[in-house]
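Peer 1: Just passing along the structure, written as structure tokens.
Protein chains: 2
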Amino acid sequence: MLLDLTQHKPSGVTIDNCQAGDMVTVSGMIHNVRVTKWGGFIILRKSRGLLQAVVQNETSKFFDESGNEIALNGLCREMAVTIEGTVGEAKIKDPAAFYNTIEVAVSTVRVLSRPTTPEVVDMNALKFGDEETLLRYKFDNRQVTLRNPRDMAILKVQSTIAKAFADFLTENGFTQIYTPKIVSEGAEGGANVFKMDYFGKQVYLAQSPQFYKQIGVGVYERVFEIAPAYRAEKHNTSRHLNEYISLDVEMGFIKGQEDVMTLEAALLHAIISRVVTDCAHELALLNATVPQLPQQVPAWKLSEVHEILFENHLCEEDHRGEDDLAPEEERAICKYALEQFGSDFVFVTHFPSQHRAFYAMDDPEDPSLTLSFDLLMRGLEITSGGQRIHKEADYREKMLKRGMNPDNFRFYLDTFKNGMPPHGGFAIGLERITACFLGINNVKECSMFPRDINRVAP
Amino acid sequence: MLLDLTQHKPSGVTIDNCQAGDMVTVSGMIHNVRVTKWGGFIILRKSRGLLQAVVQNETSKFFDESGNEIALNGLCREMAVTIEGTVGEAKIKDPAAFYNTIEVAVSTVRVLSRPTTPEVVDMNALKFGDEETLLRYKFDNRQVTLRNPRDMAILKVQSTIAKAFADFLTENGFTQIYTPKIVSEGAEGGANVFKMDYFGKQVYLAQSPQFYKQIGVGVYERVFEIAPAYRAEKHNTSRHLNEYISLDVEMGFIKGQEDVMTLEAALLHAIISRVVTDCAHELALLNATVPQLPQQVPAWKLSEVHEILFENHLCEEDHRGEDDLAPEEERAICKYALEQFGSDFVFVTHFPSQHRAFYAMDDPEDPSLTLSFDLLMRGLEITSGGQRIHKEADYREKMLKRGMNPDNFRFYLDTFKNGMPPHGGFAIGLERITACFLGINNVKECSMFPRDINRVAP
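Line by line, the protein sequences are chains V and Z. Residue numbering for the first sequence follows my numbering, beginning at -19 and increasing consecutively. Residue numbering for the second sequence follows my numbering, beginning at -19 and increasing consecutively.
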């Protein structure tokens, strides 16, 4: 037998390129059936959302898997069906439907397969008294509750953000890399690392691809990665996941951390544009407004943020001299940036060295500070980044100062011993930026199958 | 401070858009320096490969990190430098260089940073007596040996294959998903699964996203994933990795497994086209010829393959009646397909049920066989795929027949209980297809940081 590869696409009219009056064949899952005196409605669920099909008792026909004719009330939710019919303009433009300008007048419905039980999870009825109960139910039955159009929309936006990230960076000379998640050394230190046995040896799940993306800069100048990262954090909050997707960037030959921040701003601009273009339906369904990112993005030193907020009386307390941002400051500086500069984003730079990872480059003008930054969006930190140390001697000095043993980092230090350009980078948590874009309170809703201290299934 | 995001790109002439006579500024790592009587050559390494810069004693000047003038012999390999000069046509078009039609007449070289030791790994001298010693050296020092243009080229092609995979599927209505690698149940069964402790619970590293991508079909109709997969295989061969990147596809509303195979053929066609277009330099450097994929791709049943090879006397032995392909058959049928149909690819279908995963759909015409396939390329299996069971009852029956306990698969079975369309899919090992494309013998060379039973670092 010979397979013709040009046959992989349907030819002719499809539901995605049809006009009123066209005959179409469209497959999907029955999301709902409503019976009326004169016929009824079948709400069909497709990959992007809902389509309304209109049944007329006199002209519409229904067939089961064996080709036997059945009645409309023989159809039920979560049947896989193929509908043939004529495209018409939608009487009511329902924003909840993806296909909200057209509807299909049904000629035939053919059942392809059906649920085992008529008691399928009712995606339309996913409303509970309190949010915690709703979320627990959703996550416990994620294999089916993902079929809820709202959840479909959230993860469609997530997927679009990741694709836009990859496309922008590829266009700008970055190489996408794939680095191991089974590692012999944790990059970020601390206790929150998952351990496992690897043929009798203790290894770890990577907390980040930090070491590997820096190595990548010595090879490809500019690299990025989209991959899972692991944090064995025991606190179960709405802002944390134990397994999340990290969008990592690292670039060489920078003049300073400003180059990294400028790239990130341009990248975010491209992501926002793509989401607006490709996810208009999802944004409408979720009643979400994408963040504002002007051409000029504010970037202030931590000490300047303290000062701005104090001078303008924007915080309850005086935080000047503190070595981190207080939560009220995160909110206040974002509000200020939006009002004064039309920006939902604020870079905060020059965090104290003792609070940043060992690989952060100290500021030559004040070595107690680092050339590192956080990016705040709508009051929440979505990125950490900065310029990295690129000299072996500077790494050794900082490691010793922190009580780290350089011998445990042989391959990492060998990278710098063999020469490395000035470089820097950042990481964005995919679930967190998705939540921020969409105004979702719990980051777990932006993970297809969230992992937390209590949950490893489904 | 305000960052202008439009400044993320260099304006004006760059090394990638210049013409003879242009002044350019170009940064990179010094790959090699050759001193002559009249000056010399600096071979600069950029993200895609090498560029030749020509030094004239009378006109070229060199400066160290502090801006002090130095001599040409003050430069060494693996220094990060910025070169200013004038673009000229290359005297010799060296296929080993990415920039092989131009060269740069050096005005100045400024050192940005330097290796700690002059004894940096000599990427040009990576030649050993036997391949095993060379590979061990390469992998032991991967953080630096990746800078070898040949290794850079392999992984650039790998990255391009993955990007082409994502782009083609996105254009064809597939949604990219991100599923967990920490799982409570292994999808593929067997002993080769890594176990780990997750807050006191035993969990596994995912062998494949099989369950999750099938769930994804109930949500988005068509899904794909690019992510690591884990196999705790103890054999250390040139064809296996313990951590690899799996390119996974799953599509709903199929009429049969032919739809899946046709899609895969079209996908491979798109990948090959992209590699030819975007990686011409890498293919030339590696002396590689991409595989031939005609519009009509051969697809034979396992029993037909036995028969074809027997009738045409293409194998030493008579394999008719055997329940798998013998290695000599894999090679022989690929040779036959290339000679008769101009195809480096052959689909082999209808493998016996007992050799395929439990989720494979049995052939209604002969339930001892499955509607499943392998895709062979140049004598090697690069894909397994097929149509999946989509009815809960069929899963339960097959599980019980195999001594599996359906209760251990609650969330998976619940997916089918709640209705699923007919569907199927496949998975491609990224490192393996890269090796096949490029004629690389050891799949580990196609992994940035390979993991095998003896190796978890770098």
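All residues carry an ideal CB built from backbone N, CA and C; glycine is no exception. All of these numbers come straight from a predicted model, not from anything done at the bench.
Residues of the stretch 26 to 59 of chain V with a CB closer than 8 Å to any CB of chain Z: list them in chain order, please.
Peer 2: Cβ contacts with chain Z come from 26, 27, 57, 58, 59.
Peer 1: Would you say residue 124/Z touches the ligand ADP, meaning its beta carbon is less than 8 Å from a heavy atom?
Peer 2: This structure lacks the ligand ADP, and indeed carries no ligand of any kind.
Peer 1: Please report whether the beta-carbon of residue 18/Z lies at a distance below 9 Å from any beta-carbon of chain V.
Peer 2: By this cut-off, residue 18/Z is not an interface position.
Peer 1: Give me the DSSP bridge partner(s) of residue 223/Z.
Peer 2: Looking at the DSSP assignment, residue 223/Z forms a beta bridge with 210/Z.
Peer 1: Establish whether the CB of residue 166/Z and some CB of chain V are separated by less than 9 Å.
Peer 2: Output row for residue 166/Z: interface = no.
Peer 1: Below 6 Å CB to CB, which residues in the same chain sit around residue 28/Z once its five sequence neighbours on both sides are set aside?
Peer 2: Taken in chain order, the residues that qualify are 78.
Peer 1: Thinking just about the alpha-carbon of each residue, which of 7/Z, -15/Z, -7/Z, -17/Z is nearest to the one in residue 234/V?
Peer 2: For residue 234/V, the nearest C-alpha among the options comes from 7/Z.
Peer 1: Could you say which of 211/V, 301/V, 260/V, 232/V lies nearest to residue 202/V if we only look at CA atoms?
Peer 2: Nearest of 211/V, 301/V, 260/V, 232/V to residue 202/V, Cα basis: 232/V.
Peer 1: What span of residues does the beta strand (DSSP E) with residue 339/V cover, start to end?
Peer 2: Element bounds for residue 339/V: n/a, residue is neither H nor E.
Peer 1: Going along chain V, which residues have a C-beta under 7 Å from residue 160/Z?
Peer 2: Ordered by position in chain V, the residues that pass the 7 Å Cβ test against residue 160/Z are 223, 429, 431.
Peer 1: Take residue 366/Z as the anchor and find which of 432/Z, 280/Z, 236/Z, 288/Z has the nearest alpha-carbon.
Peer 2: Considering only alpha carbons, the answer is 236/Z.
Peer 1: Compare the beta carbon distance of residue 83/Z and residue 70/Z with 9 Å and say whether it is the shorter of the two.
Peer 2: Yes. Within cutoff.
Peer 1: Along chain Z, which residues have their Cβ under 7 Å away from the Cβ of residue 94/V?
Peer 2: Correct list: 399.
Peer 1: Go to residue 4/V, then tell me how far its beta strand (DSSP E) extends in each direction, as first and last residue.
Peer 2: 3 to 15 is the extent of the beta strand (DSSP E) around residue 4/V.
Peer 1: What does the Cβ neighbour count give for residue 300/V, buried or exposed, with the cut at 16 atoms within 10 Å?
Peer 2: Answer is exposed; the Cβ neighbour count stays below 16.
Peer 1: Tell me the residue span of the beta strand (DSSP E) that contains residue 403/Z.
Peer 2: Its beta strand (DSSP E) spans residues 403 to 409.
Peer 1: If you check the beta carbons only, do residue -15/V and residue 246/Z fall under 9 Å apart?
Peer 2: Yes, the pair counts as a contact, with Cβ atoms nearer than the cut-off.
Peer 1: So with Cβ pairs under 9 Å, would you call residue 307/Z a contact of chain V?
Peer 2: Not an interface residue.
Peer 1: Taking all protein chains shown into account, decide if residue 380/Z is buried (16 or more other Cβ within 10 angstroms of its Cβ) or exposed.
Peer 2: It counts as exposed.
Peer 1: Between the Cα of residue -19/V and those of 293/Z, 59/Z, 278/Z, spot the shortest distance and give me the residue it belongs to.
Peer 2: Nearest C-alpha to residue -19/V: 278/Z.
Peer 1: With a cut-off of 8 Å, do at least 3 Cβ pairs link the stretch 349 to 361 of chain Z to the stretch 398 to 417 of chain Z?
Peer 2: In short, these stretches touch, since the Cβ pair count reaches three.
Peer 1: Determine the DSSP secondary structure at residue 443/Z, reduced to helix, strand or coil.
Peer 2: Since the first and last residues shown for chain Z are -19 and 438, residue 443/Z lies out of range.
Peer 1: What residue does the beta strand (DSSP E) around residue 25/Z start on, and which one ends it?
Peer 2: First-last of the beta strand (DSSP E) with residue 25/Z: 19 to 25.
Peer 1: Put residue 130/Z into one of helix, strand or coil per three-state DSSP.
Peer 2: Of the three classes helix, strand and coil, the one that applies to residue 130/Z here is helix, per DSSP.
Peer 1: Note down, in chain order, every chain V residue with its Cβ under 9 Å from the Cβ of residue 178/Z.
Peer 2: Here the neighbours are 174, 212, 222, 431, 433, 436.
Peer 1: Give the residues of chain V in contact with residue 195/Z, contact being defined as C-beta atoms less than 9 Å apart.
Peer 2: Per Cβ cutoff of 9 Å: 122, 123, 124, 126, 428, 429, 438.
Peer 1: So that I know if they touch, is there some Cβ in chain V lying closer than 9 Å to that of residue 391/Z?
Peer 2: With 9 Å as the cut-off, residue 391/Z counts as an interface residue toward chain V.
Peer 1: Check the Cβ-Cβ distances between residue 364/Z and every residue of chain V, and say whether any is below 9 Å.
Peer 2: With 9 Å as the cut-off, residue 364/Z does not count as an interface residue toward chain V.
Peer 1: So, using beta-carbon positions, are residue 133/Z and residue 162/Z closer together than 9 Å?
Peer 2: Their beta carbons are not under 9 Å apart, which means residue 133/Z does not touch residue 162/Z by this criterion.
Peer 1: Beta-carbon of residue 215/Z versus every beta-carbon of chain V: anything under 9 Å?
Peer 2: No - not a single Cβ of chain V is within 9 Å of the one on residue 215/Z.
Peer 1: Suppose you measure from the CA of residue 209/V to the CA of residue 353/V; what does that come to, to the nearest Å?
Peer 2: Whole-angstrom Cα-Cα distance: 20 Å.
Peer 1: To test your reading of the DSSP string, which unbroken beta strand (DSSP E) runs of 3 or more residues are found completely within the stretch 152 to 189 of chain V?
Peer 2: If we require 3 residues or more, the beta strand (DSSP E) runs fully inside the stretch 152 to 189 of chain V come out as 175 to 178, 181 to 185.
Peer 1: For residue 257/V, which of 374/V, 240/V, 136/V, 328/V has the nearest alpha-carbon?
Peer 2: Ranking 374/V, 240/V, 136/V, 328/V by Cα distance to residue 257/V puts 136/V first.
Peer 1: If you compare alpha carbons, which of 390/Z, 261/Z, 424/Z is closest to residue 80/Z?
Peer 2: With distances taken between Cα atoms, residue 80/Z lies closest to 261/Z.
Peer 1: Kindly list, in the order they appear in chain Z, the residues whose Cβ is closer than 7 Å to that of residue 275/V.
Peer 2: Residues of chain Z passing the Cβ test: -16, -15, -14.
Peer 1: With residue 32/Z and residue 21/Z assumed to form a contact (beta carbons below 8 Å), what rounded beta-carbon distance in angstroms separates them?
Peer 2: 6 Å between Cβ atoms; contact.
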